[in-house]
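Residue numbers (this note's numbering): 1282 to 1611. Don't be surprised by glycine CBs; every beta carbon is placed ideally from N, CA and C.
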């Protein structure tokens, strides 16, 4: 890669997830990527109902296309030199993804890049580790999304801005907060039997050969790797624990969370109706029904790696896309 972009250019990325649409704008500086000009997200539920039928529903499609178009307009107002739109799990699986992409193209003039699970994992690793001074050494980035969970193992050291760390091993697992909730959760307060069925489904998926290989590789080092969690479940957990209202990325970035904290919030939320959950200022309304599944995935991942704590990062796929774009030749 050659760092040939101009200082002062603005790069924009839109991440179309199974549950949320996330938008980021970052300005390039002489030292690499600098200040964030825009960092927003909205829950649109693109993948709602796709656990039983992978086709995206019309109402979910319309909500999500409208959100993407609104973000593209904001990025253009900021003077973004390049805007990349990437789609993940829900669009990978959707037989009508072409219809969705055509609708986005009509409204914005831009293409939707539907990336593979492996590419999503690589870019998420870049997003979580590029230019971050909070840690060095062996790292496992865990991205719990709405439709899938990406696990990425790599090493982070002292690097020049133009050389993001390369992951060693990446796995995409078909478990996510939205799709698991659609499959198992029917009522709030949640039913204990349903929650245990959901937990069992997570454990079944995490027993896969590729996941085992990554865990064994991670544990083979003399020092256990740092677990870094990205995605809405992890950042919302920090927001709830520390009352981050309104949400502020800088108050979430780098915060460490223990298994006990995850269990505390699972227990508290499990006793609450949706109406009661909606009264929690730090819990976005659209995430209230699916947060249990996301926290259960995080809890099972910590157990899988034999860890009691994880670090949470607000930087994920969208930041990784901007890293990629900013380092491409003009």
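Between which two residues does the beta strand (DSSP E) carrying residue i extend?
i: residue 1536; result: 1536-1539
i: residue 1592; result: 1590-1593
i: residue 1368; result: 1361-1368
i: residue 1394; result: 1393-1395
With which residues is residue i paired in a DSSP beta bridge?
i: residue 1419; result: 1436
i: residue 1299; result: Bridge partners of residue 1299: none, in fact.
i: residue 1319; result: 1306
i: residue 1294; result: 1305 and 1365
i: residue 1424; result: 1431 and 1511
i: residue 1324; result: 1301
i: residue 1314; result: 1309
I'd like to know whether the C-beta atoms of residue i and residue j end up nearer to each other than 8 angstroms.
i: residue 1573; j: residue 1466; result: yes
i: residue 1595; j: residue 1516; result: yes
i: residue 1435; j: residue 1300; result: no
i: residue 1420; j: residue 1507; result: yes
i: residue 1345; j: residue 1601; result: no
i: residue 1554; j: residue 1610; result: no
i: residue 1298; j: residue 1379; result: no
i: residue 1498; j: residue 1581; result: no
i: residue 1402; j: residue 1431; result: yes
i: residue 1590; j: residue 1537; result: yes
i: residue 1366; j: residue 1394; result: yes
i: residue 1332; j: residue 1460; result: yes
i: residue 1351; j: residue 1398; result: no
i: residue 1319; j: residue 1359; result: yes
i: residue 1496; j: residue 1454; result: no
i: residue 1511; j: residue 1533; result: no
i: residue 1361; j: residue 1306; result: yes
i: residue 1261; j: residue 1561; result: In this structure the chain extends from 1282 to 1611, so residue 1261 is not present and cannot be described.
According to the neighbour-count rule (16 or more other Cβ atoms, all chains shown, within 10 Å of its Cβ), is residue i buried or exposed?
i: residue 1577; result: buried
i: residue 1597; result: buried
i: residue 1607; result: buried
i: residue 1568; result: buried
i: residue 1544; result: exposed
i: residue 1374; result: buried
i: residue 1296; result: buried
i: residue 1418; result: exposed
i: residue 1525; result: buried
i: residue 1283; result: Caution is warranted here: a pLDDT of 43 is assigned to residue 1283, below 50, making its placement in the model unreliable, and no coordinate value can be reported.
i: residue 1408; result: buried
i: residue 1328; result: buried
i: residue 1326; result: buried
i: residue 1368; result: buried
i: residue 1341; result: buried
i: residue 1292; result: buried
i: residue 1410; result: buried
i: residue 1605; result: buried
i: residue 1451; result: buried
i: residue 1310; result: exposed
i: residue 1575; result: buried
Within the continuous alpha helix (DSSP H) that includes residue i, where are the two ends?
i: residue 1333; result: Note, residue 1333: premise wrong, no alpha helix (DSSP H); not H, not E.
i: residue 1453; result: Note, residue 1453: premise wrong, no alpha helix (DSSP H); beta strand (DSSP E) at 1448-1454.
i: residue 1341; result: 1339-1358
i: residue 1466; result: Per DSSP, residue 1466 belongs to no alpha helix (DSSP H) and is neither H nor E.
i: residue 1566; result: That residue, residue 1566, is in no alpha helix (DSSP H); it is neither H nor E in DSSP.
i: residue 1382; result: 1378-1389
i: residue 1488; result: Segment: none, residue 1488 is in no alpha helix (DSSP H) and carries neither H nor E.
i: residue 1404; result: 1398-1410
i: residue 1605; result: 1598-1608
i: residue 1577; result: 1572-1586
Below 7 angstroms, is the gap between the Cβ of residue i and the nearest heavy atom of the ligand MG?
i: residue 1373; result: Questions concerning the ligand MG fall outside what the structure shown contains, since it holds no ligand whatsoever.
Which runs of the beta strand (DSSP E) at least 3 residues long sit entirely within the segment 1490-1563? Give them in chain order. 1507-1511 and 1536-1539
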